[in-house]
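Protein chains in written order, with my numbering: chain A, 1 to 232; chain B, 1001 to 1232. Ideal Cβ placement from N, Cα and C applies to all residues, glycine included. What follows is a set of notes on a single structure, which appears directly below.
Number of protein chains: 2
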Amino acid sequence: MGNSENQLHCLDCANKAECFSHLSKNELTKVTDSKVSIYYNKGEIIRKQGTFVSSILFVKKGITKIYKEFDHAENVSIVDFRKPGQLIGLPDIFTASIIQYSVSALTDCEVCSIDIRLFEKLLTENGGFAVGVIKSINNQTSNTIDFHIQNNYKQLHGRIAHALLVLSKNVFESDVFNVPFTRRDFAEFTNMSSMSVVRILKIFRSDKLIEMKDGLITLLDKAKLEHISRVG
Amino acid sequence: MGNSENQLHCLDCANKAECFSHLSKNELTKVTDSKVSIYYNKGEIIRKQGTFVSSILFVKKGITKIYKEFDHAENVSIVDFRKPGQLIGLPDIFTASIIQYSVSALTDCEVCSIDIRLFEKLLTENGGFAVGVIKSINNQTSNTIDFHIQNNYKQLHGRIAHALLVLSKNVFESDVFNVPFTRRDFAEFTNMSSMSVVRILKIFRSDKLIEMKDGLITLLDKAKLEHISRVG
DNA sequence: TAAAAAAACTGATTTATATCAATTATTTAA
DNA sequence: TTAAATAATTGATATAAATCAGTTTTTTTA
Chain A
1 MGNSENQLHC LDCANKAECF SHLSKNELTK VTDSKVSIYY NKGEIIRKQG
51 TFVSSILFVK KGITKIYKEF DHAENVSIVD FRKPGQLIGL PDIFTASIIQ
101 YSVSALTDCE VCSIDIRLFE KLLTENGGFA VGVIKSINNQ TSNTIDFHIQ
151 NNYKQLHGRI AHALLVLSKN VFESDVFNVP FTRRDFAEFT NMSSMSVVRI
201 LKIFRSDKLI EMKDGLITLL DKAKLEHISR VG
Chain B
1001 MGNSENQLHC LDCANKAECF SHLSKNELTK VTDSKVSIYY NKGEIIRKQG
1051 TFVSSILFVK KGITKIYKEF DHAENVSIVD FRKPGQLIGL PDIFTASIIQ
1101 YSVSALTDCE VCSIDIRLFE KLLTENGGFA VGVIKSINNQ TSNTIDFHIQ
1151 NNYKQLHGRI AHALLVLSKN VFESDVFNVP FTRRDFAEFT NMSSMSVVRI
1201 LKIFRSDKLI EMKDGLITLL DKAKLEHISR VG
């Protein structure tokens, strides 16, 4: 973890969140002045459940995971992931004062931290911005809710197939996961034991639905995975 | 189901959603003109998964349940509930064109239906309204996500205890459930079989944690229920 | 580069929970 | 008001998945 040397103006940020396009140059300058950009190494904790909400985070680079800790972090459920261009903490706006879920870096990450007071101020002053934020929130939370509702309805084979497809489509945006994603991550995302994950991934491999090499996962037969996701 | 005879002006609505307090008299008149108020009998379907999104609903009276249908509604997972003063369909705003979850009346209900185009127009024009809506969305979705994340982590006794507490606190707003809530509703809300629900409620009854009489459920020992919810 | 730690894997066993198959009670409808 | 339908209940049985206990492989660190 460390501060970024070059505090880029948000105007010049290549992959800023869609909602920021509704801000004026003046407003973006305010954001630039209030923000800090921070690097996190793979595995580092970005924010911690139970602490005070002070900022909205913007993922500039890397994949982050949002997770709920149980029993003093002995057990964990992964709630969702955030990738470049996405904001973290939107559901806290105007509501939560305590952070509900921890966030950590699944890969090396660069994250911008924006003062939540400023973010809320901009929302009240700029209706277009508010509309953009509503869009973001709705996309994020709808996906999260639907994933878990579906996941919990399925049996284990269906859960893994479903998770593979969702990760490919919504998170890694590729049929090849070039991201370190452990058996335990699968387990914590799908509510199952890591041993069961191992067993099912093995079956999927021998059935040529996926390939696993050098820590990379490749989806070979998405149609069959879709089918297992539905009926499994 | 039937139309309400008296189309009350939203200004005079006793329990309107908090966000409507940000609308001007003129804006509220527009809402009044566009809305229809409808009565639903217990059990009737209010909106159906898979159809087009055309409105935002406002619960004026009664309790509604939001649920996902699987396998042509042979199986169901209850996502959440909405009570008087709450809006239904907020996550569809600016995003979904197809309704993701069905909604039905758990009790006799009165529901206002507001054209979603008008709702979206008001959001772009009135920043205060947008802020109010963000608040509502965040409250609703945070509760929903957290309920299911917690539910799925727990074993069956914990699930029922947790569900009882959440229903009491967030939905029925009373330690006595004066609402018809079947074993099957419990099962569909907590992802378990209705036989398991029966067995666990029986244990809770004999342990004097709850009382069940005339279809009413009363929470007798919330402290113990909290404990079971945590460790169970 | 070796040692230590973490992750992946495997088979045997246990356990929580669903399913099955009835019976009884309660609603709803005719 | 009775018949029909739906919901609640119960015990016996089946089974999916977790846990346990270990081994092997991979990754990290010293």
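Residue-chain proximity (A1130 (chain B), chain A), Cβ-Cβ < 9 Å: yes
Output, in chain order, the set of chain A residues within a Cβ distance shorter than 8 Å of A1073 (chain B). Result: empty, since nearest Cβ-Cβ is about 13 Å, beyond 8 Å.
Do I137 (chain A) and I93 (chain A) come within 9 Å of each other at the CB atom, strictly closer than that value? yes
Cutoff 9 Å: N1139 (chain B) Cβ touching any chain A Cβ: yes
Proximity to S174 (chain A) [Cα-Cα], best of A:G128, A:L90 and A:L219: A:L219
Going along chain B, which residues have a C-beta under 7 Å from I210 (chain A)? Within chain B, no residue comes near I210 (chain A); the closest Cβ sits about 25 Å away, beyond 7 Å.
Spatial neighbours of S217 (chain A) in its chain, beta-carbon cut-off 8 Å, leaving aside the 5 residues before and after: This sequence places Ile at residue 217 (chain A); Ser is not what is there. So the qualifying residues of the chain are L164, V176, F177, F181, I210 and E211.
Check each residue of the stretch 1086–1118 of chain B: if its Cβ is closer than 9 Å to any Cβ of chain A, include it; give the result in chain order. L1090, P1091, D1092, I1093, F1094, T1095, A1096, Q1100 and Y1101
Going by DSSP, what residues sit across from K68 (chain A) in a beta bridge? A:S77
From the DSSP output, which residues share a beta bridge with F1020 (chain B)? Its beta-bridge partners do not exist; DSSP assigns none.
Show which residues of chain B have a CB atom less than 9 Å away from the CB atom of S77 (chain A). I1149, Q1150, N1152 and Y1153
Of all the CB atoms in chain A, is at least one closer than 9 Å to the CB of L1225 (chain B)? no
For E1005 (chain B), which residues in the same chain have their Cβ closer than 8 Å to its Cβ, ignoring the five residues on either side in sequence? Because E1005 (chain B) carries a pLDDT of 46, less than 50, the predicted location of this residue cannot be relied on, and the following value inherits that uncertainty. Result list for E1005 (chain B): empty, nothing under 8 Å.
If we define contact as Cβ-Cβ less than 9 Å, is D1185 (chain B) a contact residue for chain A? no
Could you check where the alpha helix (DSSP H) with F1189 (chain B) kicks off and where it finishes? R1183 to T1190
Taking 9 Å as the threshold (C-beta atoms), are I134 (chain A) and S55 (chain A) in contact? no
Is there at least one Cβ from chain A nearer than 9 Å to E1027 (chain B)'s Cβ? no
Rounded to a whole number of angstroms, what is the C-alpha to C-alpha distance between F189 (chain A) and C1010 (chain B)? 44 Å
Residue from B:Y1153, B:A1096 and B:V1131 whose Cα sits closest to the Cα of S193 (chain A): B:Y1153
Sequence-distant residues of the same chain with beta carbon closer than 7 Å to I45 (chain A), five excluded per side: S102 and S104
Is there a Cβ from chain B that is less than 9 Å from the Cβ of I228 (chain A)? no
If you pair each beta-carbon of the stretch 67–78 of chain A with each one of the stretch 14–21 of chain A, do three or more pairs fall below 8 Å? no
Inside the stretch 70–155 of chain A only - alpha helix (DSSP H) runs reaching at least 4 residues: 116–125 and 127–153
Quick check on the DSSP output: the beta strand (DSSP E) that includes N57 (chain A) runs from which residue to which? The displayed chain sequence assigns Leu, not Asn, to residue 57 (chain A). Per DSSP, L57 (chain A) belongs to the beta strand (DSSP E) from S55 to K61.
Within chain A, the residues that S1142 (chain B) reaches when beta carbons sit closer than 9 Å: P91, D92, T95, A96, Q100 and T141
Drop a sphere of 10 angstroms on the beta-carbon of R1082 (chain B), count the other beta-carbons inside from all chains shown, and report buried for 16 or more, exposed for fewer. buried
Could you tell me which chain B residues have their CB closer than 7 Å to the CB of G215 (chain A), listed as they occur along the chain? Those do not exist, as G215 (chain A) stays about 28 Å from chain B at its closest Cβ, beyond 7 Å.
Cβ-Cβ distance between S979 (chain B) and L1156 (chain B) below 9 Å: Outside the displayed span of chain B (1001 to 1232) sits residue 979 (chain B), for which this structure offers no information.
Under the rule that 16 or more other beta-carbon atoms within 10 Å means buried, what is G1002 (chain B), buried or exposed? Low confidence applies here, because G1002 (chain B) scores a pLDDT of 49, under 50, leaving its location unreliable and the question unanswered by this model.
Are any of the Cβ atoms in chain B nearer than 9 Å to that of M11 (chain A)? Just to set this straight, residue 11 (chain A) is Leu in the shown sequence, not Met. Cβ-Cβ to chain B under 9 Å: no for L11 (chain A).
Is the stretch 1028–1044 of chain B touching the stretch 1109–1123 of chain B, taking contact as three or more C-beta pairs under 8 Å? yes
Please classify Q1100 (chain B) as buried or exposed, where buried requires at least 16 other C-beta atoms within 10 Å of its C-beta. buried
Assigned secondary structure, S1193 (chain B) (DSSP; H/G/I helix, E/B strand, else coil): coil
For the candidate residues A:Q49, A:L8, A:F52 and A:E69, whose alpha-carbon lies nearest to that of K1230 (chain B)? Position check: residue 1230 (chain B) holds Arg in this sequence, whereas Lys was assumed. Ranking the options by Cα distance to R1230 (chain B), first place goes to A:E69.
Cβ atoms of A130 (chain A) and G1233 (chain B): under 9 Å apart, would you say? For residue 1233 (chain B) there is no data in the structure shown, the boundaries of chain B being 1001 and 1232.
Under 9 Å between C-beta atoms, does G1127 (chain B) make it to chain A? yes
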